[in-house]
Each structure stands twice: as structure tokens, then as C-alpha cells.
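Notes follow once the structure below has been shown.
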Amino acid sequence: MSTNQQTAWDSPGQAAYDFRSDYVTSPNIAMLASIINTSLLDDVMKEDPTTNSFQEFIAQLTGHEDSLLVMSGTMGNQVALRTALLAPPYSILADCRSHIIGMEAGGPSTLCGALMQGVAPANGHHLTLEDVKRHVTLREDVYDCPTRIISLENTLSGTIMPLEDVRAISNWARSQDPPIHMHLDGARLWEAVAAGAGTLKEYATCFDSAQLCFTKGLGAPIGSIVIGNKAFIKRARWMRKLLGGGIRAAGIVCAPARVAVEQIFLGGRLRANQETAKRLSKLWVSLGGKLQHPTETNMIWLDLEAAGIDKEHFADLAENAGVKTMRGRLQGRLIIHYQICDRALEALANLFAEILKGKRDYLQK
């Protein structure tokens, strides 16, 4: 291949017009360069220096002893939950809207045999200690299924769980006898940190285990990581192996993931996405639209029902305007990522005006 030949790594391509998620980004040329220059040894045997260095880097960044590379956020959550659950009966308490309940193919039940306790937050925004105390199962009567894990998600639907509430739940869970394991689905924790809600260490050290994703928002082509203490990660390696997650030339995954963390997260690129999302939300509201959830990070939730438009019709209009939006589930969700271009933002703004002007014209008849 000629050195001046254009490749898919040289530009965002279709990702520049894709609002479906922040995992639709295209890996960039710096990530390709990292793959070309990476080591290619076996991580199952812990021999790959790029992987070992990266796992140490993430552990230090989050204030934990160790970490373990996994192939996806779902795998990371399931490895962590399976590692923490030792002997049934056991249950997992989580927000009823959480990814581990509704978006992981029933993994906690199928892989762990765990009873899921889905809790709707009383404040409509995030779980509090009062919610946890109201729904947790502490009794160990023969009829009961004790809560052994409290799993929180941050961000959840783009909204931030305040550090104060995370700490309150964590301190209480760890004071129980036996302590309740605290797990974090932190696939988008980067966004909460970028918004100024707390540091990575402040959030991560509230948990006994956490999963962080390198594709959501950060733009890596593949990979997530599980963090915890050394004993936990040692056992997690067994669980990863059980799920077929052992990686041979693991540097191919870790090298671009490190570029993503350093270039996008530590490089301060996420904040601009959040500001763009808030501007678009304000535009939608100023035109008469409503939101399903507040826009606190890079995720916008349009209330399409209130706007009088079918979600599939909205997706069709968006496609005609040259941009992609989610079809099927996750109605009205738009996500801003660092590769979205100005032309896509302009097209979306014009679409907002077209939809809501049409509603006003109809109501004025």
C-alpha cells in the first residue's frame, strides 16, 4: 500500500454524522500507529509488556491495586459480578434502568444465577442511601435472598450520580456484616469526571470493583477494563477465561486504548462534547420541545412523544437530513462524541426547527 494512500483510519468517515452512540467513533491514525508499534505477546500468560503497563496505568489512575483487560463493557460487568458472587443464594441491587438489568442479555441471572433487585430512584434521578436501605435484603433467613452486591452506574442515561451519594452508599455497604460488595458500571464514568463531578480516583475508590469502557466516548476500537484489588483481579482472570475472554496478542487492544485515554480523556476532549449537547438541548427546549432527562453530559434525551412525532419517523427525517439517529430502543436519545462535525450539528439543529415548527403550525390551526 502506498504511504500516501488514504485509509479508513485517516478520517472519522460516517461517524461524523452519527448521533446513535459514542461508540460509533472511528479509531484514529494515532491509534493505528500505536498498533503498528505495539508488543504482540500473550496476556493469558501475562507476558505482554504493553498490556501489563496499561493495566498498571489504569490501576494507578483509579486508585486501585490492579486491573484486567476485557473485550467489552458487558464482559467486564459480568466478569466482575461473577467474581464477587461466591455461594448462592445471592441478589444484586441496582437501579432498575441500569445496563446490567436491561442491556446485557440477562447476564447476571444466566451467568451468576443471581436475583436482580431493580430499584426505581425515589428522586427520579439517581439512587440514594435511603433507596438502598428501603430495598436491600440483609436478613439471612431461609426464605430470603441476601443482597451481596450493590451495583451502581455512572453516568446513567447521561446523568451524573453525585459523589456525595456514592460515598454514602459505599460507606454504609462496607459497614455491614458481612460487607456488601460495591460494583460500578463506569462505562461512561469519564463523562462524570469531565463534567467536574469528582475525580476518577474519588469515584473509583468508593467501589470494590468497577468496569471502565474505552470505546464509549474515548474512541478506542475495542476494549474495557475491570479494576479491583489484587486478590479480586486474580480471581477475575479465571472468570474472564471462563467467558472466552483470554487474549493472545493483547497489545493490539491495549495500545489504541491507551491512546484513547491519554488523547481524549486526559487530553480534555470530552468537555466540549458536553457543552455541545447542552447547547442542542437548549435549542430544542427554546423551540418548544421537552426533554426526557436533563442534559448533564454528552447525552440528549428528546421527548418525541410530547413533540408528537413517532420515533421511527424521526429517524427517517434524520436520515433524510444526512444524519443517523437510534432506531428501535432508546427512543429520542442523541449522543455527542468528539468526531461529530459542524455540518451534522447544523443538520440536527435544522431538523429540530422543522419538527417543532410543524407542531406549532398544527396547534395554531
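Using the UniProt record's numbering, you'd call the opening residue of the sequence shown number 1 and step up by one each time.
Each residue gets a CB set at the ideal place from its N, CA and C atoms; glycine is no exception.
As the structure is a computational prediction, the values presented were derived from the model and not from experiment.
Using a Cβ-Cβ cutoff of less than 6 angstroms, which residues in the same chain neighbour residue i once the five nearest sequence positions on both sides are dropped?
i	result
S170	M182, C206
K278	T295
Q14	none
G246	V44
L115	S91, C145
T155	R188, E191, A192, T297
S26	P12, G13, A15
Leaving out five residues on either side along the sequence, give the residues of the same chain with a beta carbon under 7 angstroms from the beta carbon of residue i.
i	result
L32	W9
L287	F352, A353, L356
V136	L93, T147
D131	V119, P121, A122
What does a CB cutoff of less than 8 angstroms around residue i pick up in its chain, not counting 5 residues either side in sequence?
i	result
N229	H64, E65, D66, D208
A84	R148, I149, H181, H183, D208, S209, F232
V323	Y17, D18, F19, A344, A347, L348, L351
K201	L61, T62, G63
Applying the 10 Å Cβ sphere with the 16-neighbour rule, what's the burial state of residue i?
i	result
W238	exposed
P88	exposed
L363	Bear in mind that a pLDDT of 46 at L363, under 50, signals an unreliable position, so the model cannot answer this.
L40	exposed
G251	buried
Q117	buried
L86	exposed
T325	buried
I92	buried
residue 369	Nothing about residue 369 can be read from this structure; the chain reaches only from 1 to 365.
S281	buried
K241	exposed
G124	exposed
I36	exposed
residue 371	Because the chain here runs from 1 to 365, residue 371 falls outside it and cannot be looked at.
T159	buried
K365	The predicted model places K365 with a pLDDT of 48, which falls under 50 and marks its position as unreliable; any figure quoted below should be read in that light. Looking at its Cβ environment, which holds fewer than 16 other Cβ atoms inside 10 Å, K365 is exposed.
A105	exposed
Where residue i and residue j are concerned, what is the direct C-alpha to C-alpha distance, given to the nearest angstrom?
i	j	result
I340	G219	12 angstroms
M71	D22	17 angstroms
L266	L61	10 angstroms
L283	R248	48 angstroms
A353	H313	15 angstroms
K357	L304	14 angstroms
V253	V24	17 angstroms
I222	D141	44 angstroms
G289	L302	8 angstroms
S109	I100	10 angstroms
S2	I29	At S2, the pLDDT of 48 sits below 50, so the modelled position is not reliable and the matter cannot be decided from this model.
G269	V193	According to the sequence displayed, residue 269 carries Arg and not Gly. R269 and V193: Cα-Cα distance of roughly 12 angstroms.
L334	P121	23 angstroms
T199	A272	18 angstroms
D165	L138	20 angstroms
T50	W190	22 angstroms
V285	A168	34 angstroms
D316	Y17	14 angstroms
S34	L212	20 angstroms
E319	T7	25 angstroms
List the endpoints of the continuous alpha helix (DSSP H) containing residue i.
i	result
I29	29-36
A236	230-242
L61	49-62
V259	251-260
V166	163-174
C112	107-112
A210	No alpha helix (DSSP H) contains A210, which is instead part of the beta strand (DSSP E) from 209-213.
Tell me where the beta strand (DSSP E) around residue i begins and ends.
i	result
M75	Note, M75: premise wrong, no beta strand (DSSP E); alpha helix (DSSP H) at 73-84.
E140	First-last for E140: undefined, no H or E at that position.
E153	147-153
G118	115-119
I101	First-last for I101: 99-102, but that is the alpha helix (DSSP H), not the beta strand (DSSP E).
A195	Looking at the DSSP string, A195 is not in any beta strand (DSSP E), and its letter there is neither H nor E.
D66	66-70
A272	That residue, A272, is in no beta strand (DSSP E); its alpha helix (DSSP H) goes 270-286.
H313	It is not in any beta strand (DSSP E) - H313 instead sits in the alpha helix (DSSP H) that spans 311-320.
Considering only C-alpha positions, which residue in the set the options is nearest to residue i?
i	options	result
D48	A344, S26, L152, A255	A255
A210	G251, A168, A80, Q263	A80
M299	A349, G217, G102	G217
L163	H126, C213, Q55	H126
C112	R82, R139, L184, R258	R82
M103	A192, N52, R329, L68	R329
V259	D43, V132, R20, T38	T38
I264	V226, T128, F214, S224	F214
G187	W172, Y143, D310, V226	Contrary to the premise, residue 187 reads as Ala rather than Gly in this sequence. Looking at the Cα atoms, V226 is the closest of the given residues.
C96	L152, A192, Q55	L152
Q331	A349, A347, L348, I309	I309
S224	A236, E56, K46, T74	T74
N77	I58, A59, S98	S98
A307	E319, Q292, N320	Q292
K311	N320, E319, R327, A321	R327
Could you tell me whether any non-hydrogen atom of the ligand HEM is closer than 7 angstroms to the CB of residue i?
i	result
D177	Looking for the ligand HEM in the displayed structure turns up nothing, as the structure carries no ligands at all.
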